[in-house]
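Residue numbers (the working numbering): 198 to 411.
We treat Cβ as the ideally placed atom computed from N, Cα and C, and that holds for glycine.
No experiment lies behind these values; they were computed from the predicted model shown.
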Amino acid sequence: MAPTSPQTRPRLVLASASPRRLALLSQIGVKPDAILPSEIDEAPRRGEAPRALAERLAMEKAFAAAAMASKPADLSPRLTLAADTVVCVGRRILPKCETLDQAAACLNLLSGRGHRVYTGLALIAPGGAARRRLVETRLRFKRLSRGEIEAYLASGEWRGKAGGYAIQGLAGAFVERLVGSYSNVVGLPLAETAALLAGFGYHVHRSWDASLVR
198 MAPTSPQTRP RLVLASASPR RLALLSQIGV KPDAILPSEI DEAPRRGEAP
248 RALAERLAME KAFAAAAMAS KPADLSPRLT LAADTVVCVG RRILPKCETL
298 DQAAACLNLL SGRGHRVYTG LALIAPGGAA RRRLVETRLR FKRLSRGEIE
348 AYLASGEWRG KAGGYAIQGL AGAFVERLVG SYSNVVGLPL AETAALLAGF
398 GYHVHRSWDA SLVR
């Protein structure tokens, strides 16, 4: 399918209710026309590699949201954007922590060790054409003391976070080294997202105030 022209730029549907992803899109001047989070089984398949999981879940979320978006007439034509972020140590996929024990186990595993964050991006265009990207960031945590782990657990910031931490919050104090996209670790790699949208004529910079562009 040929990219969409700027004059007929489609509406944007985001297949996520994540406040972090919404904030990141807002940072580059993007406001989705609709938010349609999709409920899918996010459990890894047996033997599934972390990067494969991120790619598969992003694509499944995108197609599920695109199907929901096909019903309202005011959302046509549309681009449907989805993302999924996976944190791993080697091939071990870390959970989105919901319990104190899960978060403690993640922090103890990450302490003094390198890990990777993968985000799969999927974009469904008008007509059903699909494009995807996978973004990888490598990080290393300093060795965490018992007091640091206990204090972080007490903060509650870990709840619902992949790997049990939020780099944009208190856990930023744990990161010794980062190679790759910082926004990827937060939940949405911005440069790659903007490039994916631009491929179908959705140029994020065209919504910026001209006085701020040099």
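Identity of the residues DSSP links to residue i by a beta bridge
| i | result |
| --- | --- |
| L385 | BP columns for L385 are empty, so no partner. |
| V286 | R289 |
| L211 | I232, L278 |
| T296 | T296 is not bridged to any residue. |
| L318 | A280, R330 |
| G311 | R337 |
| A359 | K293 |
Counted within 10 angstroms of its Cβ, other Cβ atoms place residue i as buried (16 or more) or exposed
| i | result |
| --- | --- |
| P412 | Residue coverage of the chain in this structure runs from 198 to 411, which leaves residue 412 outside it and unanswerable. |
| S235 | buried |
| G317 | buried |
| V383 | buried |
| R343 | exposed |
| R403 | exposed |
| R242 | exposed |
| A300 | buried |
| R289 | exposed |
| S352 | exposed |
| P216 | exposed |
| A368 | buried |
| D238 | exposed |
Bounding residues of the alpha helix (DSSP H) (the contiguous stretch that carries residue i)
| i | result |
| --- | --- |
| E346 | Correcting the residue identity first, residue 346 is Ile in this sequence and not Glu. Taken as a continuous stretch (DSSP letters only), the alpha helix (DSSP H) holding I346 covers 343 to 352. |
| R253 | 247 to 266 |
Neighbourhood of residue i by C-beta, 6 Å cutoff - its chain only, sequence neighbours within 5 removed
| i | result |
| --- | --- |
| G366 | E354 |
| R208 | D230, L272, R275 |
| A259 | A212, T277, A279, A319, I321 |
| G244 | none |
| V227 | V401 |
| W153 | No statement about residue 153 is possible, as the shown extent of the chain runs from 198 to 411 and does not include it. |
| P449 | Any answer about residue 449 is impossible in this case: the structure gives the chain only from 198 up to 411. |
Span of the beta strand (DSSP E), counted from its first residue to its last, around residue i
| i | result |
| --- | --- |
| E236 | First-last for E236: undefined, no H or E at that position. |
| L221 | Taken as a continuous stretch (DSSP letters only), L221 belongs to no beta strand (DSSP E), being part of the alpha helix (DSSP H) at 216 to 224. |
| R144 | The first residue shown for the chain is 198 and the last is 411, placing residue 144 beyond what the model contains. |
| V372 | 372 to 376 |
Same chain only: Cβ atoms within 7 Å of residue i, ignoring 5 sequence neighbours per side
| i | result |
| --- | --- |
| F338 | L307, S308, G309, R310, F371, V372, E373 |
| G377 | E333, T334, R335 |
| V284 | L291, H312, V314, A359, G360 |
| E389 | L318, R330, V332 |
| A391 | I225, V401 |
| L393 | L318, L320, R328, R330 |
Own chain residues within Cβ distance below 8 Å of residue i, not counting five before or after
| i | result |
| --- | --- |
| A214 | I232, P234 |
| L304 | L341, I346, Y349, L350, W355, G361, Y362 |
| Y399 | T201, R206, P207, L209, L276 |
| A412 | With the chain running from 198 to 411 in the structure shown, residue 412 is simply not present. |
For the stretch 294 to 304 against the stretch 342 to 361, do three or more pairs of beta-carbon atoms, one drawn from each stretch, fall closer than 8 Å, so that the two count as touching? Yes: the two stretches touch, three or more of their Cβ pairs being nearer than 8 Å.
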